[in-house]
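Under the working numbering, think of the first position of the sequence shown as 34, with each following residue one higher.
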Amino acid sequence: MTPLRLGVNIDHVATIRNARGGGHPDPVAAAKLAAHAGADGITAHLREDRRHITDTDIIRLSEEIDLPLNLEMAATDEMLAIALKHRPHAACIVPEKREERTTEGGLDAAGQHNRLKRFVDQLSGAQIRVSLFVEADERQLEAARSLGAPVVELHTGDYANLEGAAREPALQSLIDAARMGTAMGLEVHAGHGLTTANVGPVAAIPELAELNIGHYLIGEAVFVGLEEAIRRMRNAMDDARLSTQSVRP
Ligand code: PXP
34 MTPLRLGVNI DHVATIRNAR GGGHPDPVAA AKLAAHAGAD GITAHLREDR
84 RHITDTDIIR LSEEIDLPLN LEMAATDEML AIALKHRPHA ACIVPEKREE
134 RTTEGGLDAA GQHNRLKRFV DQLSGAQIRV SLFVEADERQ LEAARSLGAP
184 VVELHTGDYA NLEGAAREPA LQSLIDAARM GTAMGLEVHA GHGLTTANVG
234 PVAAIPELAE LNIGHYLIGE AVFVGLEEAI RRMRNAMDDA RLSTQSVRP
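Okay, structure coming up:
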């Protein structure tokens, strides 16, 4: 079974900081704590409107953090130039709409093949591991493969928004997509809306290599502290992984 990494998204530490201006709480300090608590990577989304993470945060994260940095970015020339300058370990291309509250839906890699090709090629040429944030859909996986992206991140928002039996089809789509993507030679990640209460069935998908989780961890940090919130998430992921192993022949 593929080991499952936890990427901690620190965007909303910056959201709280920006509510008052100034420097507190510092997302880079949060990234250091996350490393201490067992995160395998740090994820940050530099949005066009800089509503949370700023350019300075990206510079500091590149310089001060030992963990691999996964830069979430829209496919724009501005973001491409920033990524090529700072060369994060990975870049996850996400769709971005100015008016949205968070990343709604996956990238249409199939419909935007020609537009995305240049971004995937230039990032890959700079040794940045490119990931495309897509829905659990065969067409999108095929498009990622034909674009030459080594990684896809499956959007877990639909799964996370549903409960009980209603979420089973969304979970099955994630299971099928993880299997299909891996068979195509892609590394498969997942994220969006995951919590300790809903992460289990996703973490149990054996082909998944990484989960990127942010909003819940930062919210939970208010109650139990960031390190404890991350430890609890790590434990929930590990428990789910172990239970899959024990039911497999
Ligand atoms: N993965 C991607 C590509 C995202 O855009 C986001 C949200 O920024 C996440 C994961 C994390 O989602 P959440 O903050 O809901 O855990």
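Using N, Cα and C, we set each Cβ at its ideal position, and we do this for glycine too.
It should be emphasised that the depicted structure is a prediction, and the values quoted were computed from it without experimental measurement.
| Query | Result |
| --- | --- |
| Anticipated Cβ contact below 8 Å, Thr189 with His225, distance rounded | 5 Å |
| Straight-line gap, Glu196 to Ala237 (C-alpha atoms, nearest Å) | 17 Å |
| Beta-carbon contacts of Arg172 that lie in its chain and below 7 Å, excluding the five residues immediately before and after | Ala143 |
| Three-way DSSP call (helix, strand, coil) for Asn51 in this model | helix |
| Per DSSP, the bridge partner or partners of Ile126 | Met106, Leu165 |
| Separation of Thr277 from Ala211, as counted between CA atoms | 15 Å |
| Three-pair Cβ contact test at 8 Å for the region 51 to 71 versus the region 117 to 134 | no |
| Beta carbon nearer than 6 Å to a non-hydrogen atom of the ligand PXP | Asn42, Asp44, His78, Glu105, Cys125, Val127, Thr135, Thr136, Phe166, Glu186, Gly224, His225, Gly226, Leu227, Asn245, Ile246, Gly247, His248, Tyr249 |
| Touching by the beta-carbon criterion (3+ pairs, under 8 Å), the region 79 to 95 and the region 268 to 276 | no |
| Ser157 versus Asp191: straight-line alpha-carbon distance, rounded | 30 Å |
| Exposed unless 16 or more other CB atoms sit within 10 angstroms - verdict on Asp90 | buried |
| Val163 to Val257 span [Cα, whole Å] | 34 Å |
| Identity of the residues DSSP links to His188 by a beta bridge | Gly224 |
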